[in-house]
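A.B. asks: Numbering (my numbering), first residue to last: 1395 to 1876. All C-beta atoms in this analysis are idealised placements derived from N, C-alpha and C, irrespective of residue type, glycine included. Structure in structure tokens, see below.
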């Protein structure tokens, strides 16, 4: 392995690992805010107990997510300095706003939410979590805007003297057509992840005899999680369809690679549910297909034309040229790894549909206060959070691998973005150290979550009523609520 291979492995491991926490953080802030708002409006004890219980789990996930996210910035300078130099003028604006506005919004109001149970009026305290959720959405918007620019560069000019892309239109970057469809798709996927998490944790506690007295509360939480999952799943499907059409327009090679479509289909292109091909992914041996579905997914018409890999390869070679000394432009140039893009696309969709279908089944089995059998509840409850988490991970793998060999589509190849001064030993050392560190953090995360999940929700404790002007003892120090 050379420096490029090691750098790509490191970036992939760190990014996918970090993204395990991001959707749950985004989604749980909305669920917790909704639960606390329901408590404020109804006064029902169960809503407050669930708010504080899932609040603990959220804080564990948030803390680990922040730690793993910091490393993302460092590795750009370590292994991808040429890339950072090329995109720095464009990425500087959205990422600076994300750090200065969105993250501070999250952290400030999260602090008020943690410490303010006996300092803030109930309605204002619930509003703090809604503002935390707004901060997570803002963070997502700015980060996805940067990523969307990598998929479809707009609002820039290339400075030949400095060899850098320079920002010319901030709003074009913010409202990139890829960004407009990617953001809601990612957010709905986050809601879906949080919904299955609430469902799965509640199902686990419902089955435990030591929590038998709280079964009605967990039964209710199971249904809340299932409703969130099902509604979010509908949003994921709709936005995913829109995203596919934009992807076909701006990155036709990615859509062709997602299907393993080698020759252009002038009309009624089929979508393969399952395909067996040659090991190099260049030839189809057997496939189970749905007629015309790919044309609809890519163009919105069952008679739409979907370009194939081979003609696109020739078109890209003519448009962008070729370099026989570069690994990226050998045989199969401008083509991603077909088996990876093909199966990651299907794993993403299949696991998402499984989660939505499982949530619908849970709602049916628990209708009118009914209780499903422990076996059904255990299998579905524990498998759905895993399914949505893996679906999000496969989605990001498809998004990034499907763009290859470009790190910025049409402007910079991945090979050109790697740091020129990094040795194989240095790159391998950072890969081993960071992967080991992340493995340790995974053990800590799982241990903390399992410990607090097993304890279940704490007994109800009436929070103090605080006047609009503040608590009776305004000089009392803030106390950590968890």
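Here's the rule: buried if 16 or more other CB atoms are within 10 angstroms of the residue's CB, otherwise exposed. What is residue 1395?
C.D. replies: The residue in question, residue 1395, is exposed, as its Cβ has fewer than 16 Cβ neighbours within 10 Å.
A.B. asks: How many angstroms separate the CA atom of residue 1417 from the CA atom of residue 1660?
C.D. replies: Approximately 38 Å, taken between the alpha carbons.
A.B. asks: With distances taken from CA atoms, which of 1583, 1522, 1544, 1455 is nearest residue 1480?
C.D. replies: Closest by alpha carbon: 1544.
A.B. asks: Which term fits residue 1693, buried or exposed, when burial requires 16 or more other beta carbons within 10 angstroms of its beta carbon?
C.D. replies: Classification for residue 1693: buried.
A.B. asks: In chain order, what residues of the same chain have a beta carbon less than 6 Å from the beta carbon of residue 1548, not counting five sequence neighbours either side?
C.D. replies: Here the set comprises 1566, 1570.
A.B. asks: Using only CA atoms, which one of 1813, 1488, 1423, 1439 lies nearest to residue 1507?
C.D. replies: Among 1813, 1488, 1423, 1439, the Cα nearest to that of residue 1507 belongs to 1423.
A.B. asks: Between which two residues does the alpha helix (DSSP H) holding residue 1560 run?
C.D. replies: Element bounds for residue 1560: not the alpha helix (DSSP H) but the beta strand (DSSP E), 1558-1561.
A.B. asks: Do the stretch 1636-1646 and the stretch 1682-1701 meet, that is, are 3 or more Cβ pairs less than 8 Å apart?
C.D. replies: Because the criterion of three Cβ pairs below 8 Å is met, the stretch 1636-1646 and the stretch 1682-1701 touch.
A.B. asks: Please give me, in chain order, every unbroken run of the alpha helix (DSSP H) with length at least 4 that falls completely inside the stretch 1454-1515.
C.D. replies: Counting only runs of 4 or more, we get 1475-1491, 1498-1509.
A.B. asks: Return helix, strand or coil for residue 1724, following the three-state DSSP convention.
C.D. replies: In this prediction, residue 1724 has a pLDDT of 49, which is less than 50 and means its spatial position is unreliable; nothing more can be read from the coordinates.
A.B. asks: Take every Cβ of the stretch 1739-1749, pair it with every Cβ of the stretch 1601-1613, and state whether three or more of those distances are shorter than 8 Å.
C.D. replies: Flag = no, the stretch 1739-1749 and the stretch 1601-1613 do not touch.
A.B. asks: Run the CB neighbour count on residue 1799, radius 10 Å, all protein chains shown included, and call it buried at 16 or more, exposed below.
C.D. replies: So residue 1799 ends up on the buried side.
A.B. asks: Considering just the uninterrupted stretch of the alpha helix (DSSP H) at residue 1846, what are its terminal residues?
C.D. replies: Counting along the chain, the alpha helix (DSSP H) containing residue 1846 begins and ends at 1818-1849.
A.B. asks: Which of the three DSSP states, helix, strand or coil, is assigned to residue 1395?
C.D. replies: In this structure, residue 1395 counts as coil in the three-state DSSP scheme.
A.B. asks: From which residue to which residue does the beta strand (DSSP E) around residue 1604 run?
C.D. replies: Here residue 1604 belongs to no beta strand (DSSP E), and DSSP marks it neither H nor E.
A.B. asks: Can you tell which of 1637, 1471, 1578, 1713 has its C-alpha closest to the C-alpha of residue 1812?
C.D. replies: Among 1637, 1471, 1578, 1713, the Cα nearest to that of residue 1812 is on 1471.
A.B. asks: Opposite residue 1544 in the DSSP bridges: which residues?
C.D. replies: Answer by DSSP bridge pairing: none, since residue 1544 is not bridged.
A.B. asks: Given this structure, state the Cα-to-Cα distance separating residue 1403 from residue 1536, to the nearest angstrom.
C.D. replies: Taking the straight line joining both Cα atoms gives about 25 Å.
A.B. asks: Can you tell which of 1604, 1690, 1696, 1729 has the C-alpha that lies nearest to the C-alpha of residue 1707?
C.D. replies: The candidate whose alpha carbon is nearest that of residue 1707 is 1729.
A.B. asks: Rank 1697, 1826, 1737 by C-alpha distance to the C-alpha of residue 1652 and give the top, closest one.
C.D. replies: Comparing Cα positions, the closest option is 1737.
A.B. asks: Compute every distance between the C-beta of residue 1461 and the non-hydrogen atoms of the ligand GTP, then say whether any falls below 6 Å.
C.D. replies: You won't find the ligand GTP in this model; it holds no ligand whatsoever.
A.B. asks: Could you round the C-beta distance between residue 1456 and residue 1419 to whole angstroms and report it? I think they count as a contact, below 8 Å.
C.D. replies: Rounded, the Cβ-Cβ distance is 5 Å, consistent with contact.
A.B. asks: How many angstroms separate the CA atom of residue 1563 from the CA atom of residue 1816?
C.D. replies: Taking the straight line from one Cα to the other gives about 34 Å.
A.B. asks: If you run the structure through DSSP and keep just helix, strand and coil, what is residue 1591?
C.D. replies: In the structure shown, residue 1591 sits in a helix (DSSP, three-state: H, G or I).
A.B. asks: By how many angstroms is the C-alpha of residue 1498 removed from the C-alpha of residue 1488?
C.D. replies: Their backbone Cα atoms lie some 14 Å apart in a straight line.
A.B. asks: Answer with buried or exposed for residue 1752, where buried requires no fewer than 16 other C-beta atoms within 10 angstroms of its C-beta.
C.D. replies: Flag for residue 1752 reads buried.
A.B. asks: Report yes if the C-beta distance between residue 1568 and residue 1588 is below 7 Å; otherwise report no.
C.D. replies: For residue 1568 and residue 1588, no; Cβs fall outside 7 Å.
A.B. asks: Tell me, please, whether the CB atom of residue 1684 is closer than 7 Å to any CB atom in chain D?
C.D. replies: Given the protein chain composition of this structure (a single chain), no chain D is represented.
A.B. asks: Taking just the CA atoms, how far does residue 1739 sit from residue 1513?
C.D. replies: Spanning the two alpha carbons is a distance of roughly 48 Å.
A.B. asks: Among 1843, 1857, 1521, which one has its Cα closest to the Cα of residue 1453?
C.D. replies: That would be 1843, whose Cα lies nearest to the Cα of residue 1453.
A.B. asks: What residue does the beta strand (DSSP E) around residue 1714 start on, and which one ends it?
C.D. replies: Looking at the DSSP string, residue 1714 is not in any beta strand (DSSP E); the run it does join, the alpha helix (DSSP H), is 1703-1714.
A.B. asks: Within the same chain, show all residues whose beta-carbon is closer than 7 Å to that of residue 1684, passing over the 5 residues directly before and after it, in chain order.
C.D. replies: If we look at residue 1684 and ignore the five residues flanking it on each side, its Cβ neighbours are 1664, 1665, 1667.
A.B. asks: Going by the CB atoms, is the gap between residue 1786 and residue 1583 shorter than 7 Å?
C.D. replies: Closer than 7 Å, so yes.
A.B. asks: Below 8 Å CB to CB, which residues in the same chain sit around residue 1824 once its five sequence neighbours on both sides are set aside?
C.D. replies: The residues are 1404, 1469, 1472, 1473.
A.B. asks: Below 8 Å, can you find three or more Cβ-Cβ pairs linking the stretch 1510-1528 to the stretch 1590-1600?
C.D. replies: Contact between the stretch 1510-1528 and the stretch 1590-1600 is absent, because fewer than three Cβ pairs lie under 8 Å.
A.B. asks: With H, G and I counted as helix, E and B as strand and the rest as coil, what does DSSP make of residue 1423?
C.D. replies: Note: residue 1423 maps to helix in three-state DSSP.
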